[in-house]
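Residue 183 in UniProt numbering sits at position 183 of the sequence shown; the count goes up by one each step and never skips.
Backbone N, C-alpha and C define an ideal beta-carbon position, used for all residues, glycine too.
Below is one structure, written out as structure tokens, with a few remarks after it.
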Amino acid sequence: VSMEMKDSGSVVLTAYHPHSPARIAGMEQSFVHDIPPSHSPASRKSLSRCRRINRMLSNESVPPTFSRSNSQASMDSTSMEDFWCEVESIKESREDGSEEAMLLEFKPADEGELEAEWLQDVGLSTLISGAEEEDGQALLSTLTRTQAAAVQKRYNTYTQTLRKKNKHTVRDVRDIFGTSDSSPTFETVPVSPVSSNGIQLPVQKPVWKSVSSKSCLDCGIDKGSPSITEELSYDVSFSESITVLPKTQEWPKNQRFKKEDSALPKFIVRKSRFGLTEVGDLSPEDMKKIRYLSLIELTAFYDALGVELKRNRVERVRGRENGLFGVPLTVLLENDQKKVPGIKVPLIFQKLLLKLEETGLETEGILRVPGSASRVKNLHQELEAKFYEDAFDWDQVRNNDAAGLLKMFIRELPSPLFTVEYLPAFIMLVEKISKIKLQLQALHLLIMLMPEANRDTAKAFLQFLKKVVANEGKNKMNLWNVSMIVAPNLFIYKGKRANQQEMQAAATTAHIVRLLIRYQDILWTVPSFLISQVRKMNEAAMNNSKRQLMFDKGVRKLLRRKTMERERPERAEGAVTFPPYLQSDIPEGVIRVYAPLHSKVSMAIQLNSQTKAKDILARFHCENSCGSSQNMRGQIQSLHEIGGNIGQHCLDPDAFMLDVYRANPQAEWVIKPKAS
């Protein structure tokens with residue numbers, strides 16, 4: 001074990017073991033004695049500053065009365081030491097010039113501007129322009145009671161501001177929501193659950209399935225103390241499910257979180273007959289609508305809890321247009337996709353994660369123990385010059401240096417991975433909401449709001465962190481340790497000085513990272529009530545289009561011709577089949593499934609109440625086991641729902657097909673590889 005490792009080991013000893021005041025008082029002295037004589041003065045200075053900051057924040061000079069329960073169940077001042085050591089390490093890396101400083105400037109908001117921007121961000125710019133846009137009307141027609149109230153509240157503020165400024169005439173809120181009173185009434189939400197197809201279902205015994213894998217839920221859990229199990233439901237919007245306003249309480253300034261993994265509840269998610277939908281299972285067009293609805297729902301959710309949803313307004317920061325570090329994610333991906341089409345996570349980020357997964361997961365103190373600053377600086381420069389030439393030697397990179405480069409990449413992004421705009425919302429969900437279930441629901445909506453590049457990169461990063469925690473037995477990094485190290489890299493962004501308020505938020509940000517790692521499988525699942533609303537939006541848009549098309553004579557002629565084609569005799573077996581909207585000869589409950597990569601490219605399948613998507617896949621696999629295309633061998637095939645009231649939807653293997661068919665009878669059904 002190197003001298004560096006020995007020193008970091010002493011940090012661990014003082015950081016995670018609560019003790020009595022007498023013991024705490026003696027910790028600093030023992031910590032200093034543990035530093036080897038050969039330890040560099042610079043590092044000793046860094047550690048000393050780190051401990052001073054920690055004492056200042058936690059009021060260690062006035063230790064609390066010792067209590068066995070407090071010492072075991074909550075984190076004392078020393079338990080945040082790794083967080084502040086990481087902050088010091090970040091600061092020093094910037095001071096020595098290895099990282100560029102870039103200050104994000106915040107724009108002040110004039111009265112009404114925040115509301116106008118909010119309306120634009122949720123896809124309701126039509127309310128500002130006054131135009132009768134179909135997309136805006138379709139969106140408004142799908143809103144729940146609480147969501148409509150959130151929109152109305154922002155629109156009222158916006159219109160009142162315009163009237164004060166004597167701007168152009170604005171539409172009355174009663175015209176938009178179709179009410180005769182300025183305080184509109186809404187239909188109550190149905191008691192029965194609403195499925196992902198938007199149809200009210202009869203109350204039935206739910207099918208339970210844990211979304212997260214067992215290995216994820218069990219990460220870091222003390223086997224001797226079972227964690228609490230709670231239910232999550234995606235059938236009804238989160239804001240509608242808040243029937244009783246909880247007592248909103250701000251955490252005390254010296255917030256004390258329970259650091260034990262077993263203190264986090266285990267959530268069981270109700271899996272409906274439509275299965276579960278991951279973020280990558282929907283088309284980009286439908287995910288755009290999910291983002292609109294998520295912002296409206298998040299706003300309604302915060303309103304229901306009595307919490308103000310704060311957003312930063314930041315001047316656009318232009319990062320570098322080429323290179324690896326300090327380049328916006330979207331620019332990086334555009335450059336990388338020229339080399340690897342369809343890639344969703346930057347190549348350099350993938351390579352750093354792969355390097356650490358192959359050789360670093362069992363390294364003691366990985367992520368916490370810093371690499372050599374000079375080596376990391378040289379590697380940074382060498383990567384910039386050689387990475388795209390495939391001339392960089394990865395074997396020369398030590399694990400701790402690779403971890404340093406990984407964290408540097410995240411910090412060097414021109415805009416934070418979790419976006420500057422919504423960083424206050426991340427902080428507020430912990431500081432203003434005390435119940436973890438509600439925190440998780442707010443966090444879920446914030447993940448749905450993230451830009452695609454940020455969300456995909458964050459997912460890859462969190463999957464890596466889960467693997468780090470899974471190797472705790474060898475690397476000595478449990479869930480809380482990893483969360484403390486990662487938090488300042490994600491939430492203390494470039495050019496921002498650490499002030500007293502930010503320092504007090506240390507435990508808050510670490511707790512957010514802990515939730516992200518622990519519940520990532522849940523957070524990257526699209527709530528079914530949002531999918532239901534997207535279906536309704538698409539149906540409303542189609543109905544509007546149909547009404548307009550009926551006035552077009554040319555289209556009416558085309559429709560008559562198509563009708564005549566449908567009335568022709570059935571074609572011979574093996575002839576080219578019509579798409580579903582022309583297949584009037586197919587009986588109710590029968591779907592024709594297409595499989596372009598199979599030798600038998602289509603098959604009519606009779607559905608019953610128990611037919612699942614995986615049953616159809618198995619039938620095709622059996623029929624085509626010998627003659628499948630070379631292109632599909634080794635690829636995971638999935639059944640996709642395409643068209644009708646959805647853009648494209650990769651179905652859960654456990655989805656009951658008769659329910660999905662009835663929700664979208666105009667869809668086509670195609671078997672093809674799932675998008676990676």
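>> Please list the terminal residues of the continuous beta strand (DSSP E) segment that includes Ser237.
In response: As a first step, residue 237 must be located in the sequence shown, where it is residue number 237. That residue, Ser237, is in no beta strand (DSSP E); it is neither H nor E in DSSP.
> My guess is that Leu440 and Leu405 are in contact by the Cβ rule of under 8 Å, so how many angstroms apart are they, rounded?
Replying inline: Along the sequence shown, read from residue 1 onward, the residue named residue 440 stands at position 440. Along the sequence shown, read from residue 1 onward, the residue named residue 405 stands at position 405. About 31 Å separates the two Cβ atoms, so there is no contact after all.
>> Please give me, in chain order, every unbroken run of the alpha helix (DSSP H) with length at least 4 that falls completely inside the segment 603-672.
In response: 613-623 and 657-663
> In whole angstroms, what is the alpha-carbon distance linking Thr330 and Glu588?
Replying inline: Translated into the one-based positions of the sequence shown, residue 330 becomes position 330. Translated into the one-based positions of the sequence shown, residue 588 becomes position 588. Cα to Cα, Thr330 sits roughly 45 Å from Glu588.
>> Tell me which residues share the same chain as Glu281 and place their Cβ nearer than 7 Å to its Cβ, disregarding the 5 neighbours each side in the sequence.
In response: Within the sequence shown, numbered from 1, the residue matching residue 281 stands at position 281. Here residue 281 is Asp; the residue named in the question, Glu, does not match the sequence. Here the set comprises His649 and Cys650.
> Does DSSP put Arg375 in a helix, in a strand, or in coil?
Replying inline: Taking the sequence shown and counting its residues from 1, one reaches residue 375 at position 375. Reduced to three states, the DSSP call for Arg375 is helix.
> When DSSP labels each residue in this structure, what does Val1 get in the three-state scheme?
Replying inline: Within the sequence shown, numbered from 1, the residue matching residue 1 stands at position 1. The predicted position of Val1 is uncertain, since its pLDDT is 36 and thus under 50; no value can be drawn from it.
> Hey, would you say Arg291 sits closer than 8 Å to Ala425, going by beta carbons?
Replying inline: Counting from 1 along the sequence shown, the entry for residue 291 is found at position 291. Counting from 1 along the sequence shown, the entry for residue 425 is found at position 425. Taking 8 Å as the Cβ cut-off, Arg291 and Ala425 do not qualify as a contacting pair.
> In whole angstroms, what separates the C-alpha of Asn608 from that of Arg662?
Replying inline: Taking the first residue of the sequence shown as 1, we reach residue 608 at position 608. Taking the first residue of the sequence shown as 1, we reach residue 662 at position 662. Computed Cα separation, rounded: 12 Å.
> Beta carbon of Leu361, beta carbon of Asn471: below 8 Å?
Replying inline: In the sequence shown, the residue the question calls residue 361 occupies position 361. In the sequence shown, the residue the question calls residue 471 occupies position 471. A contact, by the Cβ cut-off of 8 Å.
> Going by other Cβ atoms of all chains shown within 10 Å of its Cβ, with 16 needed for buried, is Gly473 buried or exposed?
Replying inline: As a working note, residue 473 is residue 473 in the sequence shown. Exposed, since its Cβ has fewer than 16 Cβ neighbours within 10 Å.
> In three-state DSSP terms, what is Val513?
Replying inline: Mapped onto the sequence shown, residue 513 falls at position 513. Helix.
>> Tell me which residue opens and which closes the beta strand (DSSP E) that Arg398 is part of.
In response: Taking the first residue of the sequence shown as position 1, residue 398 is located at position 398. Looking at the DSSP string, Arg398 is not in any beta strand (DSSP E), and its letter there is neither H nor E.
>> What does the alpha-carbon distance come out to for the pair Lys524 and Ile512?
In response: For the purposes of this step, residue 524 is identified with residue 524 of the sequence shown, where counting begins at 1. For the purposes of this step, residue 512 is identified with residue 512 of the sequence shown, where counting begins at 1. For the sequence presented, residue 524 should be read as Trp rather than Lys. C-alpha separation (whole angstroms): 15 Å.
> If you follow the beta strand (DSSP E) that Ile591 is part of, which residue opens it and which one closes it?
Replying inline: The count along the sequence shown starts at 1 and reaches residue 591 at position 591. It spans Val590 to Tyr594 - the beta strand (DSSP E) in which Ile591 sits, taken as one unbroken run.
>> Is the beta carbon of Arg154 closer than 8 Å to that of Glu115?
In response: Along the sequence shown, one-based indexing puts residue 115 at 115. Along the sequence shown, one-based indexing puts residue 154 at 154. Yes, the Cβ-Cβ distance between Glu115 and Arg154 is below 8 Å.
>> Quick check: the Cα distance between Val660 and Ala403, rounded to an integer number of angstroms?
In response: Translated into positions along the sequence shown, residue 660 becomes position 660. Translated into positions along the sequence shown, residue 403 becomes position 403. Spanning the two alpha carbons is a distance of roughly 45 Å.
> Do you know how far the Cα of Pro346 is from the Cα of residue 687?
Replying inline: Absent from the model: residue 687. The displayed extent of the chain is 1 to 676, so no value can be given.
> In the structure shown, what three-state DSSP assignment does Ser8 receive?
Replying inline: If you number the sequence shown from 1, residue 8 lands on position 8. With a pLDDT of 36 at Ser8, under the threshold of 50, the modelled position of this residue cannot be trusted, and the question is left open.
> Among Val670, Glu88, Pro673 and Lys672, which residue has its Cα nearest to the Cα of Ala373?
Replying inline: Residue mapping note: residue 373 aligns to position 373 of the sequence shown, counting from 1. Checked all of Val670, Glu88, Pro673 and Lys672; the closest Cα to Ala373 is Glu88.
> Any idea which residues DSSP pairs Glu230 with across the strands?
Replying inline: Residue 230 sits at position 230 when you count from the first residue of the sequence shown. Glu230 pairs with Phe267.
> From Lys612 to Met657, what distance separates their C-alpha atoms?
Replying inline: Position 612 of the sequence shown, counted from the first residue, corresponds to residue 612. Position 657 of the sequence shown, counted from the first residue, corresponds to residue 657. Spanning the two alpha carbons is a distance of roughly 5 Å.
>> Which residue wins for smallest C-alpha separation from Leu354, given the options Val122, Met537, Ala460 and Glu539?
In response: Locating residue 354 in the sequence shown gives position 354, counting from the first residue. Taking only the C-alpha atoms, the option nearest Leu354 is Ala460.
>> Is it buried or exposed, Arg455, if we count other Cβ atoms within 10 angstroms and call 16 or more buried?
In response: For the purposes of this step, residue 455 is taken as residue 455 along the sequence shown, with counting starting at 1. Arg455 is buried by the Cβ-count criterion.
>> Comparing C-alpha positions only, which one of Gly365, Leu352, Ser415 and Ala304 sits nearest to Phe392?
In response: Position 392 of the sequence shown, counting from 1, holds the residue named residue 392. Out of Gly365, Leu352, Ser415 and Ala304, Leu352 has the C-alpha closest to the C-alpha of Phe392.
> From the DSSP output, which residues share a beta bridge with Leu462?
Replying inline: For the purposes of this step, residue 462 is taken as the residue at position 462 of the sequence shown. The partner list for Leu462 (beta bridge, DSSP) is empty, contrary to what the question assumes.
> For the segment 431-445 against the segment 229-240, are there 3 or more C-beta pairs whose distance is under 8 Å?
Replying inline: yes
> Beta carbon of Gln520, beta carbon of Leu462: below 8 Å?
Replying inline: As a working mapping, residue 520 is identified with position 520 in the sequence shown. As a working mapping, residue 462 is identified with position 462 in the sequence shown. Yes, the Cβ-Cβ distance between Gln520 and Leu462 is below 8 Å.
> Where do the ends of the alpha helix (DSSP H) carrying Ile343 lie?
Replying inline: Stepping through the sequence shown from its first residue, residue 343 is reached at position 343. From DSSP, Ile343 is part of no alpha helix (DSSP H); its letter is neither H nor E.
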